[in-house]
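Novice: Start counting the sequence shown at 136; every next residue gets the next number (our numbering).
C-beta: ideal position from N, C-alpha, C; glycine also.
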Amino acid sequence: MAGKKAAEGIKQQDGKYKHTVDLPQTTFGMRANSAVREPEIQKIWEENQVFQKVVEKNSGESFILHDGPPYANGDLHIGHALNKILKDIINRYKLLQNYKVNFVPGWDCHGLPIELKGKC
136 MAGKKAAEGI
146 KQQDGKYKHT
156 VDLPQTTFGM
166 RANSAVREPE
176 IQKIWEENQV
186 FQKVVEKNSG
196 ESFILHDGPP
206 YANGDLHIGH
216 ALNKILKDII
226 NRYKLLQNYK
236 VNFVPGWDCH
246 GLPIELKGKC
């Protein structure tokens, strides 16, 4: 189709490769405008207490996720963020499966940061 357009002499518009992709013409914006919409959605969820209502409604078994200490093994890196995000996803998934979710953050490093400093 792109070759056909090029052969017919249809001019490129905004980008070098725009003529190679046939997208439908709609009034729907290509971007979600999430920088504006996300705070609005969070405000609605807070006002309607959506999360609290789901938590109160759940009558299933208890699910407890014990988290380890943050940043115990060296400097902060992307793996720490991935770890927290995955644990959040697990908790939310279990919450939607009718579990009573309890997240227990861990802070006991058993002296590890002091031991690491002592080795330097």
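1) In angstroms with no decimal places, state the Cα-to-Cα distance between K219 and H154.
2) Can the beta-carbon of L211 be found closer than 8 Å to that of F238?
3) Buried or exposed: which applies to V236, given that a residue is buried once 16 or more other Cβ atoms fall within 10 Å of its Cβ?
4) Could you tell me the alpha carbon to alpha carbon distance between A162 and L217, rounded to whole angstroms?
5) Would you check if the segment 183 to 192 and the segment 164 to 173 touch, i.e. whether three or more CB-CB distances between them fall below 8 Å?
6) For a test of the three-state rule: what should DSSP assign to Q147, helix, strand or coil?
7) What residue range does the alpha helix (DSSP H) around L158 cover?
8) Look at H215 and P205 and say whether their C-beta atoms are less than 8 Å apart.
9) Could I get the ranges of all uninterrupted beta strand (DSSP E) runs contained in the segment 191 to 228, with 3 residues as the minimum, in chain order?
Specialist: Put simply:
1) Here residue 219 is taken as the residue at index 84 of the sequence shown, counted from 1. Here residue 154 is taken as the residue at index 19 of the sequence shown, counted from 1. K219 and H154 have their C-alpha atoms roughly 42 Å apart.
2) Counting from 1 along the sequence shown, the entry for residue 211 is found at position 76. Counting from 1 along the sequence shown, the entry for residue 238 is found at position 103. Not in contact: L211 and F238 (Cβ atoms no closer than 8 Å).
3) By one-based count along the sequence shown, residue 236 stands at place 101. It counts as buried.
4) Working through the sequence shown from its first residue, we reach residue 162 at position 27. Working through the sequence shown from its first residue, we reach residue 217 at position 82. The amino acid at residue 162 is misidentified as Ala; the sequence shows Thr. For T162 and L217, the distance between alpha carbons rounds to 36 Å.
5) Contact fails: fewer than three Cβ-Cβ distances are below 8 Å.
6) For the purposes of this step, residue 147 is taken as residue 12 along the sequence shown, with counting starting at 1. Interpretation of Q147 is limited by its pLDDT of 48, a score under 50 that renders its predicted location unreliable; the figure taken from the coordinates is listed afterwards. Residue state, collapsed to three classes: coil.
7) On the sequence shown, position 23 is the one that residue 158 refers to. Segment: none, L158 is in no alpha helix (DSSP H) and carries neither H nor E.
8) Here the question's residue 215 lines up with position 80 in the sequence shown. Here the question's residue 205 lines up with position 70 in the sequence shown. For H215 and P205, yes; Cβs fall inside 8 Å.
9) 197 to 201
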